[in-house]
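Trainee: If you use UniProt numbering, the sequence shown corresponds to residues 1 to 288, in order. Beta carbons: idealized from backbone N, C-alpha and C, even for Gly. Structure in structure tokens, see below.
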Amino acid sequence: MEMKENVSLKPFTVFQVGGPARFFAETRSKEEVIEALGWAKEKQIPSFILGLGSNVLVSDRGFPGLVIKISGGKVSRDGALITAEAGAKMAEVVNFSLQNGLVGFEWAIGVPGTIGGSVRGNAGCFGSEMKDFVAGADVFDANAGRELKLSNSECRFSYRQSIFKEKPEFVVLGVSLRLKSGGSGEAKERFGEFVKARVQSQDIGSKTAGCVFKNPSAEIRAGALVDKAGLKGTSIGGAAVSEKHANFIINTGAASAEDIVMLIGLIKERVHRKFDVFLEEEIQYVGF
Ligand SMILES: Cc1cc2nc3c(=O)[nH]c(=O)nc-3n(C[C@H](O)[C@H](O)[C@H](O)COP(=O)(O)OP(=O)(O)OC[C@H]3O[C@@H](n4cnc5c(N)ncnc54)[C@H](O)[C@@H]3O)c2cc1C
């Protein structure tokens with residue numbers, strides 16, 4: 001594991017904005033993740049875990065500690081149980097499951113992140129969430145310096161919430177997912193439908209972080225409120241509300257993190273004024 005200094009975080013986030021990490025290490029095994037966390041603890045500097053950077057907004061000043069980018073997760077199976085290291089991409093796990101005749105996880109093709117980041121945020125789409133599939137998680141408690149295993153209920157999942165958000169010192173090292181065997185023809189059909197639906201409704205390939213805001217409730221969708229407030233297409237600097245999906249902000253070229261933060265503020269203010277609803281961010285702020 002190479003420890004680098006003053007590394008720009010832009011290329012490591014889908015938004016493609018943000019300043020440098022004071023220190024940066026890319027890890028490829030759980031041992032390297034633990035080693036990197038120990039290094040930061042010894043130096044008494046903050047650390048931040050980065051997956052595929054599809055749910056983060058990094059400040060223009062960057063991050064003053066160590067950014068640990070978790071990459072390269074192995075995926076394996078034991079019967080209907082799939083085990084994936086934290087750095088495995090959701091798409092890789094979906095493909096692995098279909099190749100192995102295990103079904104039910106096709107929806108996850110809509111989430112362009114790692115398994116680790118998706119467990120932390122209890123990512124979900126098309127009516128499914130990580131919590132419906134996680135059998136257990138291998139975790140490193142960076143404060144206590146020890147590994148532990150959490151069951152599904154111990155992960156305390158709820159809508160875009162988990163114990164990993166409550167305890168940032170809990171780093172997901174790996175996860176086991178319970179799937180079902182059989183019916184791979186239908187599963188491949190579902191997979192195709194999900195890919196099509198995603199392309200139709202989202203800005204795939206754009207510089208974005210997906211949904212900026214959580215839905216205020218199961219009935220009220222944040223995107224619908226932003227749309228009804230007439231904010232589609234509204235821009236500040238290089239940041240614009242997507243014309244396609246009102247809960248997406250797009251970096252149209254050279255947006256700064258500040259442009260995006262100001263646009264988020266404007267959206268929250270307008271939605272509150274019009275609907276008396278406080279929107280809460282789903283994206284994670286880094287270095288603010
Ligand atoms: C086009 C687009 C579409 C999207 N659609 C969806 C969707 O349909 N549903 C949905 O839920 N999300 C969606 N997202 C958001 C995003 O893909 C998910 O939140 C994803 O799970 C984030 O994973 P990541 O690896 O990119 O995490 P990152 O963005 O790298 O990190 C997000 C947070 O997770 C933490 N984290 C990352 N890895 C770990 C780990 N191993 N242990 C502990 N904490 C960790 C980070 O510290 C950070 O706080 C979308 C994003 C984009 C760009």
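VAL212 by DSSP, collapsed to three states: which one?
Mentor: VAL212: coil per DSSP, three-state reduction.
Trainee: Looking at the structure shown, is SER153 part of a helix, part of a strand, or coil, going by DSSP?
Mentor: SER153 falls in the helix class under three-state DSSP.
Trainee: Are the Cβ atoms of LEU173 and VAL134 separated by less than 8 angstroms?
Mentor: Not closer than 8 angstroms, so no.
Trainee: Using DSSP with H/G/I as helix, E/B as strand and the rest coil, what is ILE264?
Mentor: Helix, per DSSP.
Trainee: Thinking C-alpha only, which one of PHE288, ALA187, VAL241, GLU282 is nearest ILE267?
Mentor: With distances taken between Cα atoms, ILE267 lies closest to VAL241.
Trainee: Considering only their Cβ atoms, is the gap separating ALA254 from ASP60 smaller than 8 angstroms?
Mentor: Against a cut-off of 8 angstroms, the Cβ pair of ALA254 and ASP60 comes out as no contact.
Trainee: Tell me whether PRO168 sits in a helix, a strand or coil according to DSSP, three-state version.
Mentor: Coil at PRO168, not helix or strand.
Trainee: Considering ILE34, what are the terminal residues of the alpha helix (DSSP H) in which it resides?
Mentor: Start and end: 30 to 43.
Trainee: When you compare only the Cα positions, how much space is there between GLN284 and GLY87?
Mentor: Looking at the two C-alpha atoms, the distance is approximately 18 angstroms.
Trainee: So the alpha helix (DSSP H) ASP227 belongs to, where does it begin and stop?
Mentor: Residues 222 to 228.
Trainee: Let me check you understand the geometry: is the CB of ILE49 closer than 7 angstroms to at least one non-hydrogen atom of ligand 1?
Mentor: Under cutoff, so the answer is yes.
Trainee: Do you know offhand how far residue 292's Cα is from SER118's?
Mentor: There is no way to answer for residue 292, as the model of the chain reaches only from 1 to 288.
Trainee: Would you mind working out which of LYS41, ILE68, LEU98 sits nearest SER29, comparing C-alpha positions?
Mentor: The shortest C-alpha separation from SER29 is found at ILE68.
Trainee: Using a Cβ distance threshold of 8 angstroms, determine whether the region 88 to 98 contacts the region 26 to 44, with at least three qualifying pairs required.
Mentor: At 8 angstroms Cβ cutoff, the stretches do not touch.
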